[in-house]
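Novice: Numbering (the numbering used here), first residue to last: 3 to 197.
Cβ atoms here follow ideal geometry from the backbone N, Cα and C, with glycine treated the same way.
I am attaching a structure below and will ask some questions about it afterwards.
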């Protein structure tokens, strides 16, 4: 899609962009690109006064994203009026008040970014669509790890990680809207929110 063909969305959802996944030895491949594209989305959403919801995964004991460990912390600092939803499952709606938050904010469509493409990003996008939200997924604003080898298959290395991300997009079906870049995403302008 061309930038002028992408319909504006109401809100931004940033999924699991936590230190463990975008910094250090456990970071996803191409984490620098991912962080840059999420930053583009945050600037655009904040400029439009669009609601921003950060999802933060609470990993199990011993995991890199176990609550209160350095890897669990959000990479980007939410502003005081932005919402953080903690979750324990891939689907950000499962066991949380995310749907109620979006409803209260009069959100009907969201741009989704973050990690991991085939897990939390895909599960949350799928449920958002099932609940009736329009979903826009910028291709360069979500990422995943190398795909390990399975029975009868080879691993997918970092150099081909974008293919795994594309497979996650494809798995979401025809209802998902996909654009090439975070730079193409526009947000519906709302009255200025507090800094």
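1) Taking the beta strand (DSSP E) that residue 56 falls in, what are its first and last residues?
2) Are the Cβ atoms of residue 52 and residue 187 separated by less than 8 Å?
3) Considering residue 88, what are the terminal residues of the beta strand (DSSP E) in which it resides?
4) Could you say which of 77, 29, 98, 25 lies nearest to residue 44 if we only look at CA atoms?
5) Between which two residues does the beta strand (DSSP E) containing residue 179 stretch?
6) Which residues share a DSSP beta bridge with residue 114?
7) For residue 19 and residue 117, which I take to be in contact (beta-carbon distance under 8 Å), what is that distance rounded to the nearest angstrom?
8) What's the C-alpha gap between residue 143 and residue 39?
9) Please classify residue 94: is it buried, with 16 or more other beta-carbons within 10 angstroms of its beta-carbon, or exposed?
10) Roughly how many whole angstroms lie between the Cα atoms of residue 23 and residue 66?
11) Exposed or buried, what is residue 177 when buried is set at 16 or more other beta-carbons lying within 10 Å of its beta-carbon?
12) Can you find the residues in the same chain that come closer than 8 Å, C-beta to C-beta, to residue 206, ignoring five residues on each side of it along the sequence?
13) Cα separation between residue 48 and residue 153?
14) Which first and last residues belong to the beta strand (DSSP E) in which residue 137 is found?
15) Can you check which of these residues, 28, 86, 131, 54, is closest to residue 179 by C-alpha distance?
Specialist: Once the coordinates are examined:
1) In the chain shown, residue 56 corresponds to position 54, counting from 1. Run containing residue 56: 54-59, per the beta strand (DSSP E) assignment.
2) Locating residue 52 in the chain shown gives position 50, counting from the first residue. Locating residue 187 in the chain shown gives position 185, counting from the first residue. No. Outside cutoff.
3) Translated into positions along the chain shown, residue 88 becomes position 86. Residues 85-89.
4) Locating residue 44 in the chain shown gives position 42, counting from the first residue. Considering only alpha carbons, the answer is 77.
5) Locating residue 179 in the chain shown gives position 177, where the first residue counts as 1. That run of the beta strand (DSSP E) goes 179-181.
6) Walking along the chain shown from the start, residue 114 turns up at place 112. Residue 114 is bridged to 15.
7) Locating residue 19 in the chain shown gives position 17, counting from the first residue. Locating residue 117 in the chain shown gives position 115, counting from the first residue. Going by Cβ atoms, the distance from residue 19 to residue 117 rounds to 7 Å, so yes, they are a contact pair.
8) Residue mapping note: residue 143 aligns to position 141 of the chain shown, counting from 1. Residue mapping note: residue 39 aligns to position 37 of the chain shown, counting from 1. Their Cα atoms are separated by approximately 5 Å.
9) Position 92 of the chain shown, counted from the start, is the residue given in the question as residue 94. So residue 94 ends up on the buried side.
10) The residue you call residue 23 lines up with position 21 of the chain shown. The residue you call residue 66 lines up with position 64 of the chain shown. Residue 23 and residue 66: Cα-Cα distance of roughly 9 Å.
11) For the purposes of this step, residue 177 is taken as residue 175 along the chain shown, with counting starting at 1. The residue is exposed, with fewer than 16 neighbouring Cβ atoms inside 10 Å.
12) There is simply no residue 206 to check, as the chain begins at 3 and stops at 197 in what is shown.
13) Translated into positions along the chain shown, residue 48 becomes position 46. Translated into positions along the chain shown, residue 153 becomes position 151. Roughly 45 Å between the two C-alpha positions.
14) Counting from one through the chain shown, the residue named residue 137 turns up at place 135. 136-140 is the extent of the beta strand (DSSP E) around residue 137.
15) Here the question's residue 179 lines up with position 177 in the chain shown. Closest by alpha carbon: 131.
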